Every structure is written in C-alpha cells, then in structure tokens.
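What follows is a set of notes on a single structure, which appears directly below.
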Amino acid sequence: MREIIRAEYSGFCFGVDRAVKEAFTVRKTKGRTFTLGPLIHNKDVTDKLEDSGVSTISEGEIGRLEKDDTVIIRTHGVTRAVYDGLKAMGVDIIDLTCPYVINIQKKVSEYHDKGYQIVILGDGNHPEVVGINGWCDNSAYITPTGEVDIPLKRKVCVVSQTTEKQRNWLNLIMNIAKTSKEFVAFNTICKATEERQKSAEELSKEVDAMLVIGGKSSSNTKKLYELCRANCEKTYMVENAQELAGMINNFDGAVRVGVTAGASTPEWIIKEAVGLL
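Residue 6 is where the sequence shown starts when you use this note's numbering, and the numbers rise one by one after that.
See below:
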C-alpha cells in the first residue's frame with residue numbers, strides 16, 4: 006500500500022492567505038475591482054477571482070481605470086512610481102502587498118536615501134524584485150545566485166527576494182565581504198519560505214517520489230522543486246490535479262511519496278491532487 010507523506014510546512018503562507026481572503030471580500034462591497042497583475046502566482050486562484058468579478062490588469066492598462074474603481078495591489082508589491090501614480094488618479098487602493106515585502110521596500114528606500122548602493126538577491130524579472138528596485142530609483146545591483154561581478158566600493162545595503170534560497174544568501178554575503186568595506190545586510194528571506202524549503206528538502210531524502218504542487222510562474226514553488234529534485238530523481242511539479250492526472254503513471258512503483266506545495270497553493274488544490282495518488 007502506498008504511503009503519502011506531506012511536508013510539515015506547505016501551502017498558503019500568512020501573506021497569501023490574507024490577500025486571497027481580502028480580495029474575495031473586497032469584491033462583495035466594491036464596484037469595479039481590479040488586481041494590478043495576478044494577485045498571486047496561481048492560475049486557479051486568479052481564475053476564481055475573475056469569475057467573482059475581480060479582473061486582472063497590467064501596469065500598461067492603468068490608464069483605463071476610472072476614479073470610482075478599486076485597485077488591489079498584488080502580494081508582490083509595486084514600484085513607488087506606480088503606487089504614487091494610482092494615488093494621483095484618485096482610485097480606491099487596497100494594498101495587499103505581503104508585509105514582509107513592504108518591510109524590504111522600506112529598508113531599500115531608507116538606505117538608498119542614506120547613499121548606500123542597494124544589492125538585491127533575486128530574479129530581476131520577478132514582480133517582487135521589480136517592485137523593490139522601484140523604491141531605490143531602479144538603481145539596485147541584482148544578482149540571482151549571489152555572484153557579484155562588479156566592485157562594490159561604496160557603502161552597501163543587501164536584501165533578498167523573500168523566496169530565495171539560504172545558500173544563495175550566504176554566497177552573496179561572502180562575495181560582498183570581499184570587496185565592500187562597509188555594508189549592512191538584512192536577510193529578508195521570509196520564515197515561511199525557509200520552513201517550506203527545509204521541510205521539503207528533508208522529506209525528499211526519505212521518499213521514492215516527490216510531488217511539488219504550485220503555479221508554473223511561482224518562484225517559491227520552483228525553488229521547492231529544485232531542492233527536492235537534487236535529492237529525489239522522481240520529483241514532479243504540477244499546478245493541479247488535472248495536470249497530475251496526465252502523468253500519474255510516473256508514480257508507478259513508488260511506495261513512499263512525499264508531497265509539498267508552494268506558498269501560493271490553496272489547500273483545496275493540494276487535497277484534489279493528493280486524492281489521485
């Protein structure tokens with residue numbers, strides 16, 4: 006008989022859970038409502054929001070907003086310029102930026118104003134990092150792995166995308182210390198990310214196959230997959246039960262199957278997928 010073992014920490018984190026609940030609540034009390042970009046990186050959730058009347062618009066579509074509209078700022082946050090632009094338009098802003106991301110934005114803004122060179126560990130194309138960089142006039146040096154290929158002789162302030170790997174953070178700090186004589190470092194990898202990565206990595210060493218559930222564009226889900234795949238060759242990443250159904254034969258012969266899910270994966274999606282195993 007197959008044993009299904011779920012990682013101790015998986016699924017919605019605090020910030021995502023708060024944002025999703027609030028987004029559905031807002032729609033019941035407001036008129037035209039939009040999210041500026043996908044609220045979270047999970048298509049099933051954004052589809053449900055769309056069905057409830059909450060549409061997704063891009064930053065390039067801001068001009069179509071009207072004064073009485075409600076605009077929800079996604080969990081990843083936005084640049085200062087975008088935020089100020091929305092305020093100037095007079096629309097109703099519901100800011101659901103993750104509190105941990107807001108903290109990073111504030112740190113970056115503060116130290117940029119003090120003359121520090123900002124260094125961000127993360128994916129420069131990810132909306133969270135794009136947003137953070139926008140709070141220091143888009144002047145940050147961004148590294149996805151912790152490698153640094155320019156001399157950093159000014160005072161340096163170092164932060165991280167919330168979903169980064171601890172090993173990349175340690176690599177960055179080691180490299181910064183080689184060239185910078187004065188730097189401050191804020192390890193802004195969120196606790197939920199740390200917990201999910203650690204529990205998934207440990208579980209992947211003990212099972213025959215590993216299932217990682219989450220959106221294809223979710224940074225934290227991809228990191229979980231990479232960590233698990235390093236320990237368990239039969240590691241598979243799916244968005245939902247429908248996708249898993251098309252590849253369920255990959256789990257043939259696996260007696261112990263581990264399951265984890267990204268911080269933007271709701272419980273109902275996890276349960277549907279696990280039910281197929």
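Beta carbons are placed, not taken as given, at the ideal position from N, Cα and C, and that holds for glycine. Quantities reported herein were computed from a predicted structural model and do not represent experimental measurements.
The beta carbon of residue 168 lies closer than 7 Å to those of 198, 224, 225, 228 in the same chain, with the five residues before and after it left out. Setting aside the 5 residues that flank it on each side, residue 18 is surrounded in the same chain by 197, 268, each with a C-beta closer than 6 Å to its C-beta; the list follows chain order.
Segment contact: the region 33 to 43 against the region 59 to 75, three or more CB-CB distances shorter than 8 Å; contact assigned.
Here residue 189 is actually not in contact with residue 233; their C-beta atoms are around 33 Å apart, not less than 8 Å.
Between the region 21 to 30 and the region 49 to 58, the count of C-beta pairs closer than 8 Å reaches three or more; the two stretches touch. Pairing residue 174 with residue 147 gives a Cβ-Cβ distance that is not under 8 Å. Straight through space, the alpha carbons of residue 214 and residue 153 are spaced by roughly 36 Å.
When the five nearest sequence neighbours on each side are left out, the beta carbons in the same chain lying within less than 6 Å of the beta carbon of residue 185 are those of 157, 161, in order along the chain.
The alpha-carbon separation between residue 63 and residue 261 amounts to approximately 43 Å. Scanning 235, 264, 106, 104 for the CA closest to the CA of residue 244 turns up 264.
Burial of residue 47 is indicated by the presence of at least 16 other C-beta atoms within 10 angstroms of its C-beta. Listed as beta-bridge partners of residue 162 by DSSP are 123, 189. Closest in C-alpha terms to residue 118, from the list 143, 102, 132, comes 143. Looking from the CA of residue 121, the closest CA among 150, 129, 164, 151 belongs to 164. For the region 166 to 228, the full-length alpha helix (DSSP H) segments reaching 4 residues or more read 171 to 184, 196 to 209 along the chain. A distance below 8 Å separates the beta carbons of residue 204 and residue 13. Between the alpha carbons of residue 136 and residue 22 lies a distance of about 21 Å.
If you draw a straight line from the Cα of residue 79 to the Cα of residue 187, it comes to about 34 Å. Assigned with DSSP and collapsed to three states, residue 243 falls in strand.
One alpha carbon belongs to residue 271, the other to residue 212, and they sit about 23 Å apart.
Bounds of the beta strand (DSSP E) holding residue 264 are 261 to 266. Note on residue 91: 16 or more other CB atoms within 10 angstroms of its CB, so buried under the neighbour-count rule. Within the same chain, and ignoring the five residues on either side of residue 266 in sequence, the residues whose Cβ sits closer than 6 Å to its Cβ are 15, 16, 218, 219, 275. In this structure, residue 35 and residue 100 do not form a Cβ contact; the two beta carbons are roughly 14 Å apart against a cut-off of 8 Å.
Residue 8: member of the beta strand (DSSP E) spanning 8 to 11, first to last residue.
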